[in-house]
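In the numbering used here, the protein residues as written are 1 to 153.
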């Protein structure tokens with residue numbers, strides 16, 4: 001397992017404002033770009049004009065693999081006129097280290113509870129150990145999920 005402090009784990013967030021002639025067409029194009037980049041549409045807000053002076057506006061939140069971020073932005077920028085572009089990065093190395101340590105400790109706890117279950121003969125002890133094992137495994141799943149989120153390279 002690589003030490004995240006040697007290779008910082010960064011989660012990048014980009015904001016892009018693009019003015020387009022036809023929002024429906026642009027939304028379809030963004031959807032195609034996401035498919036080609038193995039990305040996901042997380043949120044879409046489509047505000048149709050209510051009055052004569054109103055403009056049709058849409059905003060979306062997407063997720064793409066980090067290595068595809070720049071290509072994705074470039075392709076979306078080609079759809080219209082870029083009004084705003086920003087990229088931020090968040091270093092999640094410490095969170096990854098914490099979750100990896102927590103997961104390691106949970107695995108040791110799981111092994112200990114399994115040994116207790118094997119040695120114990122009484123039903124109440126086995127049930128208590130089983131309940132503890134279930135709790136440990138649920139927490140482990142959460143920690144593994146967090147490690148996947150924080151492990152970006």
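Ideal Cβ positions, reconstructed from N, Cα and C, are used throughout, including at glycine.
- Query: Taking C-beta to C-beta, are residue 8 and residue 140 nearer than 8 angstroms?
  - Reply: No; because the gap between Cβ atoms is not below 8 angstroms, this pair is not in contact.
- Task: Would you give the residue range spanned by the alpha helix (DSSP H) that residue 189 belongs to?
- Result: Residue 189 lies beyond the range of the chain shown here (1 to 153); nothing can be said about it.
- Item | Alpha-carbon to alpha-carbon, residue 95 and residue 2 | With a pLDDT of 49 at residue 2, under the threshold of 50, the modelled position of that residue is not reliable, and no figure is offered here.
- Query: On the premise that residue 100 lies in contact with residue 10, defined as a C-beta separation below 8 angstroms, what is that separation, rounded to the nearest angstrom?
  - Reply: Not a contact, Cβ separation roughly 17 angstroms.
- Message: Which complete alpha helix (DSSP H) runs does the region 7-51 hold, if anything under 4 residues is left out?
- Response: The region 7-51 contains these whole alpha helix (DSSP H) runs: 23-36.
- Query: In the DSSP assignment, what residue or residues form a beta bridge with residue 81?
  - Reply: Residue pairing by DSSP puts residue 81 in a beta bridge opposite 19.
- What's the gap between the Cα of residue 104 and the Cα of residue 147? Looking at the backbone, the Cα of residue 104 and that of residue 147 are separated by about 12 angstroms.
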